[in-house]
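Chains as they are written, first to last, in UniProt numbering: chain B, 1 to 205; chain G, 1 to 140; chain L, 1 to 301. Built from N, CA and C at the ideal position, the CB exists for glycine as well. Note that the structure is a prediction, hence the values are computed from the model and not measured. Worksheet: the structure to be examined is printed underneath.
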Amino acid sequence: MTAHQTGSGGIDRRRLLARAALGGATIVGATALGGIDADAAFAAQQPSLDPAISKSEFVEGRITAISGSVLEVAGSYGDRSRVQMTNATSVWKVRPTTAKVIEVGDGLYARGVKMPDGTVAADAVWVNIVNIHTTIRGIEKQRLHLAHGSHEITGNVIGDTSAAYAGRAPTSDLSRLRIGQSAQVLGAWRPSDNSVDVVRISVGH
Amino acid sequence: MACGSTSLWAGETSWFCCGNAWGPCTGAGGGACGNCQSSANHGAWPNASQACWDITRPDLCGENIPRRGCGSVMNVKHQCSGATVCITITDCGPRTKEWCGEASCCNGQCRTNRVLDLTPAAYSALGDLSSGMLPVYIYE
Amino acid sequence: MLSTTSSLAPVALAVLLGWTGALKLFGSGAARQAPKTALARMLSSSERAVLVLRATGLAELLLAAGLLAAPRSPLPGAATALLGACFLGYLARARVIAPESSCGCTANDSAPVTWRAFARAGLVLAGGAAAATASAAWWTTVGERPAASAAVLAAGGVLLTALSADLERWWLLPLRRTRMRLFGHPLAGGTAGGKQVPVAATVQLLENSLAWQAASPVVRSGLLDHWDEAGWRFLLYSGLYVEEDGEARPVSVVFALDATASRDTAGAPAARVSVVDADTGEPVGVDLAAVRPRDALPVAG
């Protein structure tokens, strides 16, 4: 089974959570909350936004140092940030994982809340994540040759690479990819060799 | 900058990177308007100019998206969660014509066709970057 | 063989220079690509870069004509070698000051400066030197040794094509397609995931569901953890639940969905959701229908 990592605790905690979800859980079926006419909601006037409401903070850059649970981040425009990881912070690096796999030199996007000392307490961090428009130029067992603009990118096919064809749900069947197709690649950049681990490749018609 | 409440369009949004960046985004440049930044709440619109329209061709998917040039401000709302973010158009995209008919849904209510691309900053205010696609309403 | 190669060098060079020269001089690509070239960076002006590209194109065409018409004169060959040396110098400089820029080598090609551009410029230099020292005119060689000449010219053509990135779509992609037709799709037969529904598909199903619509105002994180058990797939998020008294309480939000269902599965699969206290694990009595929509994120930037 695909029992990936455990963010905050081990198997016991998972059991507890599973019991909570299935046992005393709220069951939400397709119509449990009643119909919502989404299009009517769209046409209705939006309440004006209150600029006084606290804003979620966004951090972008390369990780320059890791001190305990704090990531030091150098932004692409010369700015510097400190990102505080907590038990509640989700970490994505190729897949949902833990802060242990984050390395100095990784690229990062983080969303969180700014603390009074300027540190951002992260709700979610995405490490090395990329979402690029490419053309498939070659298909091999272990990798895809991709063109992104005028750049050649090697896309590594990994165990959990999935593909989405013409808007359908992602599947592990990669055999319908064709050379010459345009493809949106959601993946994880590897700083060591500048290749990309392909997590999900979506192709149109 | 003011962020309006008049409905403009609805569809799917994806995300992209621009400006100074790391990884394959290096050299992405400032986009069609020259000032696009991944870390700012920016977006790409398929009809940012005539040259842009010629690349994206949303009309081939039946989307006659109106012209909104560089600097236009839009309010983007996640159809499912209601989370919203205010963005400035700084680039041209996505290539709507390549994804005709693709849909993202909320409880059976679907938005079809990619009509917007958001920077990671803007997209992450609405959802999870690893999802890659969201159904949105766009206001101005 | 060496003399055959050197006497045929002018032909191969003339084809190469004629092609790249014509693209630079007459092609609309030159004006379009010029701003992206390292040349534009060096001259700090796209307009000047276009002029230099056009002038280089003209020089290449003249050299191509000279190489074909006067193969026994050392002049066209020497000038070509000089041009090759200039290309090499330009590429080396471009690599230093603007490694991400395109070289503008063929005016259509926006690929950055790579080893192939260097190899091609090196060939122009070597070919020019060979042409300058050729003892016989190319037509004499072709007349005397037609088979050897054809082989040498074909080899030259293959070499130059392999070194031109913008010609790849004419040979490399069809070659790869043919290989796939002959030997089958390299990715057929499934990956390690087999027939299992990818977690991404379950997450997509969740994000499209009413359960998500109801619970997302509480959710703050991305996907924290996931596991399969007894036919269910559990997806764990962390969040913040603001109680009526305004107190914010850290919570875990756990969803349970059919592990075999995806958006393409028929019917509307139910999703179960529970909100539990992050510390105690006690269920939090969240009325999901009454949760305030999360409009706390928006702000004018």
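- Listed in chain order, the positions of the region 61-91 of chain L with a beta carbon within less than 7 Å of a beta carbon of chain G would be empty, since no residue qualifies.
- In this chain, the beta strand (DSSP E) harbouring Tyr237 (chain L) covers 232-242.
- By the rule that beta-carbons nearer than 8 Å mark a contact, Glu229 (chain L) touches chain B.
- When only Cα atoms are considered, His133 (chain B) and Ala32 (chain G) end up about 16 Å apart.
- The beta carbons of Thr119 (chain G) and Ser38 (chain G) sit about 5 Å from each other, so the pair counts as a contact at 8 Å.
- Below the 8 Å Cβ cutoff, chain G contributes Glu98, Trp99, Cys100, Glu102 as neighbours of Gly204 (chain B), in chain order.
- In this structure, Ser14 (chain G) places its C-beta atom within 8 Å of the C-beta atom of Asn131 (chain B).
- Only residues of its own chain outside the window of five on either side were considered, and among them Cys17, Cys18, Ser38 have a CB closer than 8 Å to the CB of Cys25 (chain G), listed in chain order.
- At a cut-off of 3 residues, the continuous stretches assigned as beta strand (DSSP E) that sit fully inside the region 82-154 of chain B are 90-93, 95-97, 107-114, 120-127, 129-139, 143-148.
- Contact of Ser192 (chain B) with chain G by beta-carbon distance below 8 Å is absent, the smallest such distance being about 12 Å.
- One finds nothing in chain B with a Cβ atom closer than 9 Å to the Cβ of Gly11 (chain G); even the nearest lies about 11 Å away.
- Rounded to whole angstroms, the separation of the alpha carbons of Ala69 (chain L) and Thr141 (chain L) is 15 Å.
- In this structure, L:Ala121 is the residue among L:Leu82, L:Ala121, L:Val203 with its C-alpha nearest to the C-alpha of Ala92 (chain L).
- The straight-line gap separating the alpha-carbon atoms of Pro94 (chain G) and Asn47 (chain G) is approximately 10 Å.
- If one requires a minimum length of 4 residues, the alpha helix (DSSP H) runs lying completely within the region 150-229 of chain L are 168-183, 199-207, 210-215, in chain order.
- Residue contact with chain B for Asn20 (chain G): present (Cβ-Cβ distance below 8 Å to some residue of chain B).
- For Met42 (chain L), the enclosing alpha helix (DSSP H) starts and ends at 38-43.
- In the DSSP assignment, Ile87 (chain G) is bridged to G:Met74.
- When L:Ser164, L:His226, L:Phe183, L:Ser135 are compared, the shortest CA-CA separation from Ala18 (chain B) is found for L:His226.
- Under the Cβ distance rule, Cys52 (chain G) does not count among the residues neighbouring chain B, no pair being separated by less than 8 Å.
- Beta-carbon to beta-carbon, Gly57 (chain L) and Leu25 (chain L) are separated by about 3 Å, close enough to satisfy the 8 Å threshold.
- Scanning G:Glu63, G:Leu116, G:Asn35, G:Leu60 for the CA closest to the CA of His78 (chain G) turns up G:Leu116.
- Inclusion of Gln184 (chain B) and Ile136 (chain B) in the CB contact set at 8 Å is not warranted, their separation being larger than that value.
- The beta carbon of Lys141 (chain B) is closer than 8 Å to those of Val157 in its chain, skipping five residues each way along the sequence.
- For Cys86 (chain L), the uninterrupted alpha helix (DSSP H) segment begins and ends at 74-97.
- Judged by DSSP secondary structure, Thr4 (chain L) falls within the alpha helix (DSSP H) whose first and last residues are 2-26.
- Using beta-carbon distances, Ser252 (chain L) counts as an interface residue toward chain B, with a partner under 8 Å.
- Interface flag for Ser162 (chain B) against chain G is unset, since no Cβ pair is found closer than 8 Å.
- Within the same chain, and ignoring the five residues on either side of Ala134 (chain L) in sequence, the residues whose Cβ sits closer than 8 Å to its Cβ are Ser3, Ser6, Ser7, Ala9, Pro10, Pro71, Arg72, Gly77.
- Distance from the CA atom of Thr119 (chain B) to the CA atom of Trp19 (chain L), rounded to whole angstroms, is 58 Å.
- Using a 10 angstroms sphere on the CB of Phe183 (chain L), the tally of other CB atoms stays under 16, which defines it as exposed.
- Annotation for Gly127 (chain G): His78, Leu134 place their beta carbon closer than 7 Å to its own, counting only its chain and skipping 5 residues before and after.
- Per DSSP, reduced to three states, the secondary structure at Tyr123 (chain G) is helical.
- In terms of Cβ geometry, Val219 (chain L) and Val253 (chain L) form a close pair [threshold 8 Å].
- Note that the C-beta distance between Leu82 (chain L) and Ala119 (chain L) is not below 8 Å.
- Beta-bridge annotation (DSSP): Gln109 (chain G) is paired with G:Cys106.
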